[in-house]
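*Asks:* Quick one: the structure is below, questions incoming.
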């Protein structure tokens, strides 16, 4: 299940990339910026600010799942995510998240931008959601990419069966690997999952010589603590010199629109994004620990 | 040459700021309102009366001499370089002697007239009298008036109907006659000085007489050239005398020395070859100034390849210890002055160009005769100063080729960010040179191509007649309008052929054929009228100064450039709105002829009512959802390719002998607003009178939903480069896309990829705060706008208002 294939992506690996967003994630991070990629099912989102209130969606819905109410409201229990309403909407106020595609179809689409990969040293990035939920798909896609001399990258939260990671290792040029929290209890609290498997997979990849860039969504008051920074750095240093880079991804609330569209609760909504100075201070701490740390722009 | 670039110098350039003089100029300019002088017109009237009965060539030369000898001059305290067409910091002269009675409002007694779309000027009753007297003297026999008369003989009111329906432009009262060769022969001017030109003219006269030549027009031409060249030298000497006077009264020692320096320079150039950068720039300013005073509509001071012909002066000045700051200050002075040259245009010109300033052009980098890229430190300085000046003119074109080095690309993208986009634009050197060579121009000549106006390519060695004969743009969307209305135009006139009621078309092919029939009819008639205008030009106007300094061949031939010559004259044409037509055709094909979701009658009713009512809007939405160019959808892009090829074939089918065939160059500027005024609602979903698509290869606003790379793939698919010299593609980005060093590298790679696939032009518009605010208000027009926030990317219009505000805030501070 794929949400989106996005060309000219410039923050998701070397060069100009096409990012394939997979739908579905085992984690439930409270700060997630892409809530449409949490569930592995198709979903309908309603963007109220684009709605003109014309009522075409109501007429188009065969399941009577759309009803008036602050613009419109989708009765989620009735909605089968068929997408007819999104088709009917003139203004793009209804969006269907999720589309089934084969690896071959996906490859054909990403291949079209080969001239941009070639000129920039770019390629294809599997992101999400958690692409390793679809390890077979990703590996087939990446195998095709490699045959066509296209660079491959996975953005992963690391929570995947070892076999999936093992398979991916053989066809993936770069891993962008999230290290959200080192404390197992806190990790469970904020993401809903243990981190043992995540750290284990990271170690496995490092031991097998994978090119890893760790990434840390920097969540104020959650993982920007002295304790977490120190433990993250120690963990990275224990992996050896091949895995010593980390990129900080400052928290932002831009995903809020999509939470609203899906009528989901954005738990971290009330958090105040960090100031640039504070983010820089965290970076300096990492550097002091001997870790190569950058800030995502 | 690669490997010889002084990177330390580039670093020094990066830290250069505008000088004190530059800043004072900028403040003075901002404080100055729109000013129009009638001084020039006064002297043209005087001279014209005095020379009645003389030969036209000599009369025009004496007219310019009279203006240059008498017009009021001034030197401003902040001037590095001196010389302006009026005594004010910005101001322009009128051109009734060239354009006829073209200034709307000089006959009413309000004492003011519209100078631009948004500015009126007041004028004294004495000034009004001068303009009226000039209009009486020149109006009836001006070039445009006489040409319209000739056109009427041939086709009656059709010519004016076609102009009124915006089916072609410009109208003749725009008088860009002699727009040709706006790029003067800078290299030669700086090398030999005007004295060298005078000597050469005199030698030609002597030799021609000695050879028993009988064509007196040749003698007159060389004589007229001697008169105007000497007048330019004398004009410079007037400035020298003024500077000396001012110096005598100046208390400030530094300014006194500066004025004496100015006097010394003006005594020496443009008469003699320039010896350093200050003399070179001063010489150039006098030549351009005189060009503007010869025909004030000729106010576009094109630099051409300034980073090449000024490079030796730049390097020698640095070697001789001239501070980089002083060099930058002089150069910024002239860039700023040339970029803020105002003009009084006719009403149609105002509408079609939407600008207050003359468009001028600087070319940066590009291949040299040895097929090496010749970007240098001066190219870099030009980009740097243009970013500091923040002006809408000059247009800066970077001649991209496979050897364009990364350091100049990096500076170019940074300049885009600093100027909020569009500056510089990127033009494909290799495609342009190949296009000229395909039309029989030798490589050595083609490689010197420069941009004219915005992106139109011309050769400094040839006279370019693009637009001069009332033929620059053909409005294909207007032709589609004719096709859908049995030849009746937007104003209800039968401008086209009767190709039948579209409701009776049985197939898509029948519709398409009708379109081609309308097109051929209009195109060939317009060219025919253009040919007539071409023959009128030299009967009613001559431009001796522009001829002698603009076209080196004029000297050899002894001929004014308004008299076209088969070997040296070039004729351009821009067939516009191809994407609008193709997308409309695709919608008609799919909705009316394939799926039959609509009958042609329903479609026509919706179009003619401008999609009124609920049903109208429903049909419009249906139209908007048909496959659109810009999404890499073969069925849409194929039709674009077809319309492009068919359009080119129609233009190429016109025999323009004994001259070259028309060359196709699909540029655009702000024409899409103007062109849209001649077109009713279209089946692509565009409403009546709304702007057409911008550029010539840009997708319809808001319909490209597959990201920027899909637009480029569509553009490559359309193959405009096979038939057209340039094809203008504008892309919108928010500043978040090029905020970091890394993302600048990626935009370079993106540009390279497109150009490597024969893209001929690309320009990035960096959305400014105001545009983002507009996007918030009008999401339908900005559906394609992607923004990035901390690695998160989204369509701007899908964000909530609060987040949109955050993005707007960030853009303000380039975060």
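Protein chains in written order, with the numbering used here: chain A, 1 to 297; chain B, 1 to 815.
The beta-carbon is built from N, C-alpha and C at its ideal position, and this holds for glycine as well.
Note that the structure is a prediction, hence the values are computed from the model and not measured.
Using a Cβ-Cβ distance cut-off of 8 Å, determine whether residue 673(B) contacts chain A.
*Replies:* Answer no: the Cβ-Cβ gap between residue 673(B) and chain A never drops below 8 Å.
*Asks:* Give the single residue among 291(B), 668(B) and 806(B) whose Cα lies nearest to the Cα of residue 574(B).
*Replies:* The option with the nearest alpha carbon to residue 574(B) is 668(B).
*Asks:* Based on DSSP bridge pairs, tell me the residues matched to residue 218(A).
*Replies:* In the DSSP output, where bridge partners are listed per residue, residue 218(A) has 250(A).
*Asks:* Does the segment 3-23 of chain A come into contact with the segment 110-127 of chain A, if we say contact requires no fewer than three beta-carbon pairs (one atom in each stretch) closer than 8 Å?
*Replies:* The answer is yes - the segment 110-127 of chain A touches the segment 3-23 of chain A, with three or more Cβ pairs under 8 Å.
*Asks:* Report all residues from its chain with a CB closer than 6 Å to the CB of residue 55(B); omit the five preceding and five following residues, and keep chain order.
*Replies:* These residues qualify, in order along the chain: 220.
*Asks:* Distance check for residue 263(B) and residue 244(B), CA to CA, integer angstroms please.
*Replies:* For residue 244(B) and residue 263(B), the distance between alpha carbons rounds to 6 Å.
*Asks:* Establish whether the CB of residue 219(A) and some CB of chain B are separated by less than 8 Å.
*Replies:* Judged by the 8 Å Cβ criterion, residue 219(A) is not in contact with chain B.
*Asks:* Quick one: using the 10 Å Cβ neighbour count with 16 as the cut-off for buried, is residue 7(B) buried or exposed?
*Replies:* With fewer than 16 other Cβ atoms within 10 Å, it is exposed.
*Asks:* Alpha carbon to alpha carbon, how far is residue 444(B) from residue 795(B)? Give it in angstroms, no decimals.
*Replies:* About 47 Å.
*Asks:* Residue range of the beta strand (DSSP E) that residue 175(A) falls in?
*Replies:* 174-178 is the extent of the beta strand (DSSP E) around residue 175(A).
*Asks:* In chain E, which residues lie less than 9 Å from residue 739(B) when you measure between Cβ atoms?
*Replies:* Here the protein chains are A and B, and chain E is not one of them.
*Asks:* Along the chain, where does the alpha helix (DSSP H) that runs through residue 226(B) open and close?
*Replies:* It spans 216-249 - the alpha helix (DSSP H) in which residue 226(B) sits, taken as one unbroken run.
*Asks:* How far does the beta strand (DSSP E) with residue 127(A) in it extend, from its first residue to its last?
*Replies:* First-last of the beta strand (DSSP E) with residue 127(A): 123-127.
*Asks:* By the three-class DSSP mapping on this structure, what secondary structure does residue 30(A) have?
*Replies:* In this structure, residue 30(A) counts as coil in the three-state DSSP scheme.
*Asks:* Just the chain B side, please: which residues come within less than 8 Å of residue 23(A) by C-beta, in chain order?
*Replies:* Going along chain B, no residue has its Cβ under 8 Å from residue 23(A), so there is no contact; the nearest lies around 16 Å.
*Asks:* Nearest-angstrom Cα distance between residue 293(A) and residue 175(A)?
*Replies:* Straight-line Cα distance between these residues: approximately 16 Å.
*Asks:* Closer than 9 Å by beta-carbon distance: list the chain A residues that pair up with residue 783(B), in chain order.
*Replies:* Ordered by position in chain A, the residues that pass the 9 Å Cβ test against residue 783(B) are 92.
*Asks:* Hey, how far is the Cα of residue 657(B) from the Cα of residue 156(B)?
*Replies:* Taking the straight line from one Cα to the other gives about 25 Å.
*Asks:* Is the Cβ of residue 113(A) closer than 8 Å to any Cβ of chain B?
*Replies:* Chain B contact via Cβ: present.
*Asks:* Report the rounded CA-to-CA distance for residue 691(B) versus residue 122(B), giving the unit in angstroms.
*Replies:* So the alpha carbons of these two residues sit roughly 32 Å apart.
*Asks:* Rounded to whole angstroms, what's the CA-CA distance from residue 196(A) to residue 206(A)? Just pull it up for me.
*Replies:* Those two C-alpha atoms are separated by around 15 Å.
*Asks:* Verify whether the separation of the beta carbon atoms of residue 198(A) and residue 157(A) is less than 8 Å.
*Replies:* It is a contact, given that the beta carbons lie within the stated cut-off.
*Asks:* Does residue 56(A) pass the burial test, meaning 16 or more other C-beta atoms within 10 Å, or should it be called exposed?
*Replies:* Flag for residue 56(A) reads buried.
*Asks:* What does the Cβ neighbour count give for residue 209(B), buried or exposed, with the cut at 16 atoms within 10 Å?
*Replies:* It is exposed - the Cβ of residue 209(B) has fewer than 16 other Cβ atoms within 10 Å.
*Asks:* Leaving out five residues on either side along the sequence, give the residues of the same chain with a beta carbon under 6 Å from the beta carbon of residue 70(B).
*Replies:* These residues qualify, in order along the chain: 43.
*Asks:* Please confirm if residue 15(A) has its CB atom under 8 Å from at least one CB of chain B.
*Replies:* Yes - at least one Cβ of chain B is within 8 Å of the one on residue 15(A).
*Asks:* Which of the three DSSP states, helix, strand or coil, is assigned to residue 156(A)?
*Replies:* Three-state result, residue 156(A): strand.
*Asks:* Between 454(B), 688(B) and 409(B), which lies nearest to residue 361(B) when the distance is taken from Cα to Cα?
*Replies:* Among 454(B), 688(B) and 409(B), the Cα nearest to that of residue 361(B) belongs to 454(B).
*Asks:* So, are the CB atoms of residue 202(A) and residue 167(A) less than 8 Å apart?
*Replies:* Not closer than 8 Å, so no.
*Asks:* Determine, using beta carbons only, whether residue 293(B) and residue 40(B) come nearer to each other than 8 Å.
*Replies:* In contact: residue 293(B) and residue 40(B) (Cβ atoms closer than 8 Å).
*Asks:* Would you please verify whether the beta carbon of residue 30(A) is less than 8 Å from any beta carbon of chain B?
*Replies:* Chain B contact via Cβ: absent.
*Asks:* Sorry if obvious, but does the Cβ on residue 258(A) come closer than 7 Å to a heavy atom of the ligand ADP?
*Replies:* In terms of ligand content, the structure shown is empty, and the ligand ADP therefore cannot be addressed.
*Asks:* Decide if residue 469(B) is buried, meaning its Cβ has at least 16 other Cβ atoms within 10 Å, or exposed.
*Replies:* Residue 469(B) comes out buried.
*Asks:* Am I right that residue 88(A) and residue 65(A) are in contact with their C-beta atoms under 8 Å? What's the rounded C-beta distance?
*Replies:* Contact doesn't hold; Cβ gap of about 13 Å is too wide.
*Asks:* Could you give the distance in angstroms between the alpha-carbon of residue 160(B) and the alpha-carbon of residue 484(B)?
*Replies:* Cα to Cα, the separation comes out at about 21 Å.
*Asks:* Using a Cβ-Cβ distance under 8 Å, would residue 8(A) count as near chain B?
*Replies:* So, interface residue.
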